[in-house]
Amino acid sequence: MLAALHRLPTWLRFALYASVGVLVLAIAESFESGGVGRLTADTASRAMLKWCIPILLAGLGGLFSERASIVNIGLEGMMILGTWFGAWAALEFSPWMGLVFGVLGGALGGLIHAVATVSFGVDHVISGVAINIMAPGVTTFLSSEVFGNRTQSPDVPGLGEVDVPVLAGGTFFGAETPDILGSIADQGVFFVSDLASFARGLVSGIAIFSLIALALVPLSGWFLWKTRAGLQLRSAGEYPLAGESLGVNVIRRMYLGVVVSGALAGLGGAFIAMELTGFYQNGQTGGRGFIGLAALIFGNWRPLGILAAAFLFGYPFGVSLRDLDGQSTHALLLVVSFCLAVVSLWAATARRLVDAVMALVFAVVMFAWYVQTDVAPDWLPNAMPYVIVLLVLVFAAQRLRAPAFDGQIYRRGAT
Amino acid sequence: MVLAIELIDITKRFPGVLANDRVNLRVELGEIHAIVGENGAGKSTLMKILYGMQPPDEGKMLVNGTEVDFKSPTEAIEAGIGMVHQHVMLADNLTVLENVILGSEPTKSFGRIDFESAAQHLREVSHAYGLDIEPNDLVETLEVGERQRVEIIKVLFRGAKILILDEPTAVLVPQEVEQLHHNLRELKAQGSTILVINHKLPEVLDIADTITVLRQGRTVGEVKASDVTAGDLAELMVGSELPSPETTESTVTDDVALSLRGVTVLNEEDRPVVDDVDLVIHRGEIVGIAGVEGNGQGELIGAIMGTEHVETGTLELMGQDITKWSVRQRREAGVGLVPQDRHEEGLLLTAPLWENAALGHQTQRPYAKGWWIDRAASRAHTQTIRKRFGVKTPNVDVAAHALSGGNQQKLIIGREMTADPKILVLAHPTRGIDVGAQASVWQKIRDARADGLATMLISADLEELIGLSDTILVMLRGKLVAKLDPANVTPRQLGSYMTGAAIETDGNGSADGGAE
Ligand SMILES: Nc1ncnc2c1ncn2[C@@H]1O[C@H](COP(=O)(O)OP(=O)(O)OP(=O)(O)O)[C@@H](O)[C@H]1O
Ligand SMILES: [Mg+2]
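Chains as they are written, first to last, in the working numbering: chain A, 1 to 415; chain B, 1001 to 1516.
Here is the structure:
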């Protein structure tokens, strides 16, 4: 059955996975007394689409860097640089310049990381942590100098939003169009309406900035797997000596990877300031750089995998945002417990008994938590990505394939 | 007469080592020129200098009569030089095609790689030289011999007219060596100049026109292959006779050291790669396993070492069931291994020699004292290994990558043999070791055997296999299909057993399918 799935075109397969996900959510929320329809509401999916973007961009940033063998713990710091420079340029010049400067700010952080790790052979984690410590200091200083306020900027303009006509009732050359998905969602049919309203959230009120970020997914894949620079970059992450012995400038490719990595993280930072909150604020990245790294691992160092991970990790944020009473987030506990039960079953059929028992125990614990409580704690969305990645590492580590030279220090001529 | 390559007074120093000491080399256009010399003589270093991988400290290089000063391999490649390194340099997680085109990718607009024309060109090249390979296979799925082929294709793909091959036959079986030599002659006929390094002197005499001998970083002679014998060459290289691996009278005892019963190992597709293997090794016995690469030898070793999951069957060490034991337990109980690929499984290339010597024995004396690593004792013991096994190095604190290939191999053999193993698994123990050191390694194996060591020997060098073993078992598609007496089998016969030809025609020896 799994083999049959893999014969489907990628987009169809992913759509199928998403529908199954919505089905599970629809079932879960039907157990929840107060929060009818909140898990599959268009507000939830719209918020998910927004909140997944910084994670996605950080994840893609990690992809470029680690595919070139450099571990980038500094994504968080580069993202912070992106928030400040993005906000500043958006205020000073225009939103589009905000985007550009966010990229530049992040790339600057990437450049520092590259100089330290590639040229001076500093341990990747140490250099990354240093950047994470340095970046907030720099932005605090810049804020107090430029905004006259250490922690916050004035409101920052975004790039605006669009609706997809016909599907979500946007305008088409000035004419109103029908809101097909909206009307299906209003019917209240189990699963069908859930699916429609969830989909509606994805096609209405889309930030233009998000579209740019989403376009970077296929673009990254194309660059890394189809172009000359991409192949050389990946070879540097697998076995730099191979390229070296064939005249590839391995050092330059590593620099390219890390600087692009910083640029993407910076873009994510600019997104947070300009689209998510609408102003710059100290510490507003909230560890999304790290969640991006988690997405990188979950996504098995591949662009589409990272996209899937970003949706998965962004969703709890999207739900919790509108969830003042904590009930929808609470329903997610049930979803997690259900997923773990499935993992347990799958492990059992693969005759991996230890795994099966462990997953089952976790499932029971989550279920007990769900039954015993009425609301979920607000730290749950933040913790979930790490928990999920831990589970992936426990149950599917054999399927993960990190670049072979990832995290190692390369010295030229040390053959 | 035009010289393709002329190296004049090349000198190269590493910290504490004079790798090349005013070396001279003259290679005529269109000839096959061999370079021989003991381990650490400076052969690989000289070739890396010619290929632009390392700069010389002094000296002059001329290629086709013009002086060159390569800053990087790119410039050497542009000058028509290609090099196959002593240790394969391939990225496992890239395809054959990607590995081959790396650095010379044909591109379309926007830097896109033209994969179709690249694959087409690769197929042409591999077809022209009979080097069959599937461009889209991941390199990690390839056997050692196939990897070697990819390395050679890499060079041919770039249209090199001067080929440097650093020990290309070390990992090949005799049939593959013949095939390679055939290819090299063809390349020569088409006007290529070939430089080849090899420790196996009969192969050198078979392929080379001219031979340059290096010794301790200096050129000690240049001879025509037609004028010398293997014995003369050995004399020139190491000042001793050509050794032979003959064992003396049998020392086999009745004590079983290791026994495998019905051992089966499955691959990822659940097919048996080690199929119901019964095997007994006694104390004082050397059991040779013959087989073409990829017939389950690697997995058999994994089953013994504990790195492969044994699906069914049992293993006993000195009468104790070790089937469920971890690698560490087995190591501590005295199971030693010289792995087939020293870079992949044998060494930490960037770690110092004494840490490498402790690898696999890091919980035992003299390397450890309780919970702690005993640095002083580890260093001292590494010095012992260095002396007893003739590992050429300035000290034991240099990184393993700074040793020449053969000296890395000697370090690994020394590490395993000085740890007092009960059972020793040797996979291609003398791979890359010069003739002089080979004799001393063989002698050490014989001595250990006389002292009661049980040994499993896997080797692509059939002379070695026949000469050292007390019993030879042939492994084919995961099964032990024949048991042969090394006293009355020739390398040629053994070769046909390995490919399965002999078994299908006469069925001799396939009777019991295992040792008893
Ligand atoms: N990168 C390096 N750093 C320090 N020393 C080195 C380095 N490379 C080689 N050497 C030293 O230079 C000497 C020559 O090494 P080289 O690899 O050229 O030997 P070789 O003739 O190829 O030997 P083998 O037959 O064992 O491959 C050795 O003593 C080695 O220890
Ligand atoms: Mg060498």
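Positions of the beta carbon are idealized from the N, C-alpha and C atoms, including for glycine.
Any C-beta of chain A under 7 Å from that of residue i
i        : result
G1111(B) : yes
N1093(B) : yes
S1072(B) : yes
L1122(B) : no
M1077(B) : Looking at the sequence provided, one finds Ile at residue 1077(B) rather than Met. At least one chain A Cβ lies under 7 Å of I1077(B).
T1499(B) : no
L1353(B) : no
M1089(B) : yes
L1411(B) : no
E1098(B) : yes
L1131(B) : no
L1359(B) : no
L989(B)  : Outside the modelled stretch of chain B, which goes from 1001 to 1516, sits residue 989(B), for which no answer is possible.
A1515(B) : Here the model assigns A1515(B) a pLDDT of 39, short of 50, so the residue's position is not dependable, and the following value carries that caveat. So, not an interface residue.
S1510(B) : Low local confidence applies: a pLDDT of 42 at S1510(B) is under 50, so the model's placement there is unreliable, and no value is given.
Among the options, nearest to residue i - alpha-carbon criterion
i        : options                                : result
I388(A)  : R411(A), A359(A), F367(A)              : A359(A)
G299(A)  : N132(A), L8(A), A309(A), L12(A)        : A309(A)
V1139(B) : A1128(B), T1169(B), N1093(B), A1118(B) : N1093(B)
L216(A)  : F313(A), V162(A), L111(A), A265(A)     : A265(A)
I1413(B) : V1398(B), Q1443(B), D1397(B)           : Q1443(B)
V365(A)  : F338(A), D355(A), S94(A)               : F338(A)
S423(A)  : L332(A), W84(A), F31(A), V336(A)       : Because chain A is modelled from 1 through 415, residue 423(A) falls outside the range shown and cannot be assessed.
E1464(B) : V1435(B), K1012(B), R1331(B), D1021(B) : V1435(B)
L267(A)  : A348(A), I80(A), A47(A), S69(A)        : I80(A)
F279(A)  : T40(A), G82(A), R13(A)                 : G82(A)
Q1329(B) : P1339(B), L1317(B), V1338(B)           : L1317(B)
A229(A)  : K1108(B), I1423(B), T1210(B)           : K1108(B)
Y1051(B) : L1025(B), V1036(B), I1081(B)           : I1081(B)
G1262(B) : I1194(B), G1103(B), K1479(B)           : K1479(B)
D1021(B) : K1043(B), E1006(B), H1033(B)           : K1043(B)
G1296(B) : A1351(B), T1219(B), E1269(B), T1264(B) : T1264(B)
T1499(B) : V1481(B), D1485(B), P1486(B), N1488(B) : V1481(B)
D1209(B) : K1369(B), S1117(B), L1029(B), H1121(B) : L1029(B)
H1309(B) : G1294(B), A1400(B), Q1320(B), V1327(B) : V1327(B)
Residue-chain proximity (residue i, chain B), Cβ-Cβ < 7 Å
i       : result
A310(A) : no
E66(A)  : no
L267(A) : no
E238(A) : yes
L5(A)   : no
T117(A) : no
G247(A) : yes
S193(A) : no
L360(A) : no
A242(A) : yes
S235(A) : yes
Closer than 7 Å at the beta carbon, the chain D residues around residue i
i        : result
E1105(B) : Looking for chain D here will not work: the only protein chains present are A and B.
Check whether the segment 220-238 of chain A touches the segment 40-53 of chain A, taking contact to mean three or more Cβ pairs, one atom from each stretch, closer than 8 Å.
-> Taking a cut-off of 8 Å on C-beta distances, the segment 220-238 of chain A does not touch the segment 40-53 of chain A, as fewer than three cross pairs fall below it.
Around ligand 2, what residues have a beta-carbon under 7 Å from a heavy atom of it, in chain order?
-> Near ligand 2, meaning a beta-carbon closer than 7 Å to one of its heavy atoms, we find K1043(B), S1044(B), Q1086(B), D1166(B), E1167(B), I1197(B), S1404(B), G1405(B), G1406(B).
Quick one: complete beta strand (DSSP E) runs, 3+ long, within the segment 1031-1096 of chain B?
-> Restricted to the segment 1031-1096 of chain B, the beta strand (DSSP E) segments that are unbroken, complete and at least 3 residues in length are 1032-1037, 1058-1063, 1066-1068, 1081-1084, listed in chain order.
Taking 8 Å as the threshold, find out whether the segment 1145-1158 of chain B comes into contact with the segment 1094-1111 of chain B through three or more Cβ pairs.
-> As far as the Cβ criterion goes, the segment 1145-1158 of chain B touches the segment 1094-1111 of chain B, which means the pair count is three or higher.
Given 8 Å as the limit, is there contact between the segment 280-293 of chain A and the segment 202-212 of chain A, that is, 3 or more CB pairs closer than that?
-> Taking 8 Å as the limit for Cβ pairs, the verdict is that the segment 202-212 of chain A does not touch the segment 280-293 of chain A.
Cβ pair count under 8 Å reaching 3, the segment 1053-1071 of chain B against the segment 1459-1470 of chain B = By the Cβ test, the segment 1053-1071 of chain B is not in contact with the segment 1459-1470 of chain B, since fewer than three Cβ pairs between them sit closer than 8 Å.
Could you name each continuous alpha helix (DSSP H) segment of 4 residues or more that falls completely within the segment 1102-1190 of chain B, going from the start of the chain to the end?
-> Unbroken alpha helix (DSSP H) stretches of 4 residues or longer found wholly inside the segment 1102-1190 of chain B: 1115-1128, 1144-1157, 1174-1189, given in chain order.
At a cut of 8 Å, does the segment 151-162 of chain A reach the segment 85-101 of chain A through at least three beta carbon pairs?
-> The segment 151-162 of chain A is in contact with the segment 85-101 of chain A.
Could you tell me whether the segment 1378-1385 of chain B touches the segment 1423-1430 of chain B, where touching means 3 or more Cβ pairs closer than 8 Å?
-> No: the two stretches stay apart, fewer than three of their Cβ pairs being nearer than 8 Å.
Enumerate, from N- to C-terminal direction, the unbroken alpha helix (DSSP H) stretches of 4 or more residues contained entirely within the segment 50-104 of chain A.
-> Whole alpha helix (DSSP H) segments, 4+ residues: 75-92.
Pairing CB atoms from the segment 369-383 of chain A with CB atoms from the segment 311-328 of chain A, are three or more of them under 8 Å?
-> Using a C-beta cut-off of 8 Å, the segment 369-383 of chain A makes contact with the segment 311-328 of chain A, since at least three inter-stretch Cβ pairs fall below that distance.
Report the residue ranges of all alpha helix (DSSP H) runs contained in full by the segment 1328-1372 of chain B; include only those spanning at least 4 residues, in chain order.
-> For the segment 1328-1372 of chain B, the full-length alpha helix (DSSP H) segments reaching 4 residues or more read 1353-1358 along the chain.
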